[in-house]
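Counted from 1, the sequence shown has number 1922 at position 555 by the numbering used here; the numbering is strictly sequential.
Glycine included, every Cβ here is placed at the ideal spot set by N, Cα and C.
What follows is a single structure, written as structure tokens, with notes after it.
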Amino acid sequence: MAAGRPPSAQPSRRTVLAGTGAGALAAGLPAAVARAAGAAPAVLGAYDVVVVGSGAAGMTAALTAAKRGLSVVVVEKAPTFGGSAARSGAGIWLPNNSVLRAAGVPDTPEKAAAYLAAVVGDGASAERQAAFLANGPRMLDFVMANSPLRFRFMAGYSDYYPDLPGGLANGRSIEPDQVDGRVLGAELDRLNPAYMPVPAGMVVFSQDYKWLTLAAVSAKGAAVSAACLARGTAAALRGEKPLTMGQALAAGLRAGLLWAGVPVWLNSPLVDLVQEGGRVTGVVVAKDGVQGVVRARRGVVLGSGGFEHDAAMRARYQQQPIGTRWTVGAKENTGDGIRAGERAGAALALMEDAWWGPAVPLPEEPYFCLAERTLPGGLMVNAAGARFVNEAAPYSDVVHVMYEKDRGAQGSHIPAWLVVDQNYRNKYLFKDVLPTFALPDAWYASGAVKKAWTWDALAGQIGVPAAALRATLNRFNAQAWAGSDPDFRRGDSAYDHYYTDPGVSPNSCLAPVWAPPFYAFRIVPGDLGTKGGIVTDARARALRPDGSVIAGLYAAGNASAAVMGRSYAGAGSTLGPAMTFGHVAANDIADAAAAGAA
1368 MAAGRPPSAQ PSRRTVLAGT GAGALAAGLP AAVARAAGAA PAVLGAYDVV
1418 VVGSGAAGMT AALTAAKRGL SVVVVEKAPT FGGSAARSGA GIWLPNNSVL
1468 RAAGVPDTPE KAAAYLAAVV GDGASAERQA AFLANGPRML DFVMANSPLR
1518 FRFMAGYSDY YPDLPGGLAN GRSIEPDQVD GRVLGAELDR LNPAYMPVPA
1568 GMVVFSQDYK WLTLAAVSAK GAAVSAACLA RGTAAALRGE KPLTMGQALA
1618 AGLRAGLLWA GVPVWLNSPL VDLVQEGGRV TGVVVAKDGV QGVVRARRGV
1668 VLGSGGFEHD AAMRARYQQQ PIGTRWTVGA KENTGDGIRA GERAGAALAL
1718 MEDAWWGPAV PLPEEPYFCL AERTLPGGLM VNAAGARFVN EAAPYSDVVH
1768 VMYEKDRGAQ GSHIPAWLVV DQNYRNKYLF KDVLPTFALP DAWYASGAVK
1818 KAWTWDALAG QIGVPAAALR ATLNRFNAQA WAGSDPDFRR GDSAYDHYYT
1868 DPGVSPNSCL APVWAPPFYA FRIVPGDLGT KGGIVTDARA RALRPDGSVI
1918 AGLYAAGNAS AAVMGRSYAG AGSTLGPAMT FGHVAANDIA DAAAAGAA
């Protein structure tokens, strides 16, 4: 292997202990592990770089380190690789990259810097923002040069705040092009499944979903649906295993690691970090039933994801009501890397926040609402039966409003309800339920959906005052007919119109709710993952509360405090920075190694 020795060539436990000193190694272990291991803990391997986590951040870091000539291993808690990235739509927000330039996007470094600063504010340092903008395009070119990944511009997917200085109404987001899963060989079976599988026989890109939602009412929607089917047919005739979105991103990065000879250890959860002389020098993992040390001669990169599935951490840091049932992040994301970093002395930030989005708590799993709350013919109401937000606003903002207005009056805005009518249901896809088709009985049985033939009856089912709901709907319908929403300005931003119906006028975001029966979908604060974690600098190095660097420790992705601060610049504001700072971390390690050699 080009990176790291294969297991059969690993130095023996005795050899490694002789080289490091068993006493010194044991001294660097966390106390509980040292006690269990005694003076001679098991040594599972030694590499220049150990990467924890096989999501987009971790695999980009590992690929970069390997191509810089360092030996690398990736340790992954799950039995699959890809993490939350594999489950995602894989939008990537990355200003001024080569894909955008080829598509003629009128971006400039100055526009991007102005926009990011306006969005993030004081939520992340200017130095980290600059590092993201400078290194993102380089990262993308590197990934394309060293993996089968290619990318497409998501034309029309607006920046989330296009009216801010530097914002682009046509967007800056890209997504992976189609990848043939055969490039992975047997590893394809270990790819973490998608959150929402692509319909059988189709090849669907993230950008296609807005049109598939409209296939019953839009000529373009029908054409896009036919194109997706044609792509699927063509791929089948070629004998391919077509992958798109997060499946393509994770598979493409894993293929790059295969080409570079980087081993990925699955079912190998992080237990803790090893420190010696104030420096992180390795990790303790549990592999094949053996708990032992993997030495890191140059550095450890934490790309282990957030803590969305750890109930205790969510209760400690985040506003109630919260829990682990409403997130769509990978189930293995329980904050292991964040806690290990904190034990090693790292500062934490943004722990109260997440990559929020309104979700319907369906019995099988939460459904993260994108188009459904934006399409004309629906509105959201609180426990008083009143509207409280622009339903078409960026999804993170909607949940921030839910929490802000729920403070001091718990239950007033969580849950909320998305109210639609039969006209809406006759026109638009909802999740994977086709227009006019009945919603699953299990959705009603779970309480996630209510249905009634009158507004008053629906109000009774969802527990809101009937007179208030009537007044809200009458006012909303009058505004919808006029095509203007003076209350919450729905439709004023270019972003508001991305998931709407262009066949509806004068405002594609607004249509009256009038045709019985009526439906109400329970809305709770869902998320794509948490965004708080280890505080890092512009080189992705972990920092202590006093601002000093923890030597040998780096963090990227949702294990680190987000460069987006408490906001969200555009589609892919999670993956773009995750991959970029994984790349930055590995390059910093390689640069230090080269300087030491010189």
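Exercise for review: Out of T1475, D1474, A1926 and G1644, point me to the one whose CA is closest to I1705's CA.
Suggested key: By one-based count along the sequence shown, residue 1705 stands at place 338. It is A1926.
Check your understanding: Taking G1659 as the reference, which of H1780, L1920, V1641 and G1422 has the closest Cα?
Key -> The sequence position of residue 1659 within the sequence shown is 292, counting from 1. Closest by alpha carbon: V1641.
Review point. Considering only residues of the same chain and omitting the five flanking positions on each side of A1376, which have a CB-CB separation below 6 angstroms?
Key: Taking the sequence shown and counting its residues from 1, one reaches residue 1376 at position 9. Its pLDDT being 34, under 50, A1376 is placed unreliably in this model, and the value from its coordinates should be taken loosely. Answer for A1376: no residue qualifies.
Check your understanding: Tell me which same chain residues have a C-beta within less than 8 angstroms of the C-beta of A1522, skipping the five on either side of it?
Key -> As a first step, residue 1522 is located in the sequence shown; it is residue number 155 there, counting from the start. Once the five neighbours on either side are set aside, the close Cβ partners of A1522 are A1470, N1537, G1538 and Q1574.
**Study point:** A1433 versus A1882 - alpha carbon distance
**Key:** Position 66 of the sequence shown, counted from the first residue, corresponds to residue 1433. Position 515 of the sequence shown, counted from the first residue, corresponds to residue 1882. So the alpha carbons of these two residues sit roughly 60 angstroms apart.
Check your understanding: Is N1700 near S1940, with beta carbons less than 8 angstroms apart?
Key -> In the sequence shown, counting from the first residue as 1, residue 1700 sits at position 333. In the sequence shown, counting from the first residue as 1, residue 1940 sits at position 573. In this structure, S1940 does not lie closer than 8 angstroms to N1700 by Cβ.
Review point. What are the partner residues of W1991, as DSSP defines its beta bridges?
Key: Residue 1991 is absent from the model: the chain starts at 1368 and stops at 1965.
Review point. Between the region 1689 to 1696 and the region 1900 to 1913, do at least 3 Cβ pairs fall closer than 8 angstroms?
Key: The region 1689 to 1696, when compared against the region 1900 to 1913, does not touch it at the 8 angstroms Cβ threshold.
Review point. How about T1611 and V1510: are their beta carbons less than 8 angstroms apart?
Key: Here residue 1611 refers to the residue found at position 244 when the sequence shown is read from its first residue. Here residue 1510 refers to the residue found at position 143 when the sequence shown is read from its first residue. Taking 8 angstroms as the Cβ cut-off, T1611 and V1510 do not qualify as a contacting pair.
Review point. DSSP three-state call for R1402: helix, strand or coil?
Key: Counting from one through the sequence shown, the residue named residue 1402 turns up at place 35. At R1402, the pLDDT of 44 sits below 50, so the modelled position is not reliable and the matter cannot be decided from this model.
Practice item. Between the Cα of L1910 and those of A1711, V1727 and N1513, spot the shortest distance and give me the residue it belongs to. Key: Position 543 of the sequence shown, counted from the first residue, corresponds to residue 1910. Considering only alpha carbons, the answer is A1711.
Review point. Nearest to D1764 by alpha carbon, out of S1934, P1446 and H1676?
Key: The residue you call residue 1764 lines up with position 397 of the sequence shown. Check the Cα spacing between D1764 and each of S1934, P1446 and H1676: the tightest is with S1934.
Review point. Around the Cβ of R1468, are there at least 16 other Cβ atoms within 10 angstroms (buried) or fewer (exposed)?
Key: Mapped onto the sequence shown, residue 1468 falls at position 101. An exposed status is given to R1468, since fewer than 16 other beta-carbon atoms sit within 10 Å of its beta-carbon.
Practice item. Quickly, what does DSSP pair Q1642 with across the bridge? List them, please. Key: Within the sequence shown, numbered from 1, the residue matching residue 1642 stands at position 275. According to DSSP, which records beta bridges pairwise, Q1642 is partnered with V1647.
Review point. Which term fits R1402, buried or exposed, when burial requires 16 or more other beta carbons within 10 angstroms of its beta carbon?
Key: Along the sequence shown, one-based indexing puts residue 1402 at 35. For R1402, the pLDDT reaches just 44, beneath the cut-off of 50, and the residue's location in the model is therefore unreliable, although a value from the coordinates is still provided. Flag for R1402 reads exposed.
Exercise for review: Kindly identify the DSSP beta-bridge partner or partners of Q1658.
Suggested key: Residue mapping note: residue 1658 aligns to position 291 of the sequence shown, counting from 1. Per DSSP, A1653.
Check your understanding: Using the beta-carbon count (16 or more within 10 Å), is A1960 buried or exposed?
Key -> Here the question's residue 1960 lines up with position 593 in the sequence shown. Result: buried.
Point to revise | the region 1666 to 1683 contacting the region 1849 to 1866, beta-carbon criterion three pairs below 8 angstroms | key: Between the region 1666 to 1683 and the region 1849 to 1866, the count of Cβ pairs shorter than 8 angstroms is below three; the stretches do not touch.
**Study point:** Boundaries of the alpha helix (DSSP H) in which D1508 is found, first to last residue
**Key:** Against the sequence shown, residue 1508 aligns to sequence position 141. Element bounds for D1508: A1493 to A1512.
Exercise for review: Can you check DSSP and say which residues form a bridge with P1688?
Suggested key: Within the sequence shown, numbered from 1, the residue matching residue 1688 stands at position 321. Paired residues: none, contrary to the question.
Practice item. Return the chain-ordered ranges of every beta strand (DSSP E) run that is complete within the region 1867 to 1938 and spans a minimum of 3 residues. Key: The beta strand (DSSP E) runs lying completely inside the region 1867 to 1938 and spanning 3 residues or more are 1885 to 1897, 1908 to 1910 and 1916 to 1922, given in chain order.
Review point. What's the gap between the Cα of V1546 and the Cα of S1540?
Key: Counting from 1 along the sequence shown, the entry for residue 1546 is found at position 179. Counting from 1 along the sequence shown, the entry for residue 1540 is found at position 173. Going from the Cα of V1546 to the Cα of S1540 covers about 19 angstroms.
Point to revise | Cross-strand partners of G1734 (DSSP beta bridge) | key: Working through the sequence shown from its first residue, we reach residue 1734 at position 367. In the sequence as presented, Gly is not what sits at residue 1734; that position holds Tyr. Within the DSSP bridge table, the entry for Y1734 names V1727 as partners.
Point to revise | D1639 classed as buried or exposed, judged by whether at least 16 other C-beta atoms fall within 10 angstroms | key: Taking the sequence shown and counting its residues from 1, one reaches residue 1639 at position 272. Buried is the call here.
Check your understanding: Using 8 angstroms as the threshold, is the region 1497 to 1510 in touch with the region 1447 to 1466, meaning 3 or more CB pairs across them?
Key -> Yes, they touch.
Practice item. Give the secondary structure of G1309 by DSSP, where H, G and I count as helix, E and B as strand, and everything else as coil. Key: This structure cannot speak to residue 1309, because the chain is shown only from 1368 to 1965.
Review point. Can you check whether the CB of W1723 is closer than 8 angstroms to the CB of V1766?
Key: Residue numbering aside, residue 1766 sits at position 399 when the sequence shown is read from its first letter. Residue numbering aside, residue 1723 sits at position 356 when the sequence shown is read from its first letter. In this structure, W1723 lies closer than 8 angstroms to V1766 by Cβ.
Practice item. Assuming V1442 contacts S1635 (C-beta within less than 8 angstroms), just tell me the rounded distance between them. Key: Looking up residue 1442 in the sequence shown gives position 75. Looking up residue 1635 in the sequence shown gives position 268. Going by Cβ atoms, the distance from V1442 to S1635 rounds to 4 angstroms, so yes, they are a contact pair.
Point to revise | Minimum C-alpha distance to F1797 - residue among A1918, L1624 and T1741 | key: Taking the sequence shown and counting its residues from 1, the one referred to as residue 1797 is at position 430. Looking only at A1918, L1624 and T1741, the smallest Cα-Cα distance to F1797 is reached by T1741.
Practice item. Write down the C-beta distance between V1756 and L1836 rounded to the nearest angstrom, noting that I regard them as a contact closer than 8 angstroms. Key: Stepping through the sequence shown from its first residue, residue 1756 is reached at position 389. Stepping through the sequence shown from its first residue, residue 1836 is reached at position 469. About 16 angstroms separates the two Cβ atoms, so there is no contact after all.
Practice item. Would you check if the region 1489 to 1496 and the region 1589 to 1602 touch, i.e. whether three or more CB-CB distances between them fall below 8 angstroms? Key: Too few Cβ pairs lie closer than 8 angstroms, so no.
**Study point:** Burial state of A1929, where buried means 16 or more other Cβ atoms lie within 10 Å
**Key:** For the purposes of this step, residue 1929 is taken as the residue at position 562 of the sequence shown. Buried, because 16 or more other Cβ atoms sit within 10 Å of the Cβ of A1929.
Exercise for review: Would you decide whether A1593 is buried or exposed? Buried here means 16 or more other CB atoms lie within 10 Å of its CB.
Suggested key: Walking along the sequence shown from the start, residue 1593 turns up at place 226. Exposed: under 16 other Cβ atoms inside 10 Å.
Review point. In this structure, does DSSP put Y1528 in helix, strand or coil?
Key: Residue numbering aside, residue 1528 sits at position 161 when the sequence shown is read from its first letter. In the three-state scheme derived from DSSP, where H, G and I count as helix and E and B as strand, Y1528 is classed as coil.
Review point. To which residues of the same chain is W1822 closer than 8 angstroms at the C-beta, ignoring the five residues directly before and after it?
Key: One-based indexing of the sequence shown puts residue 1822 at position 455. For W1822, where only same-chain residues beyond five positions count, the Cβ hits under 8 angstroms are A1833, L1836, R1837, L1840 and F1885.
**Study point:** Same chain, Cβ closer than 6 angstroms to A1812, neighbours up to 5 away in sequence not counted
**Key:** By one-based count along the sequence shown, residue 1812 stands at place 445. Leaving aside the five residues that flank A1812 on each side, none in its chain has a CB nearer than 6 angstroms to its CB.
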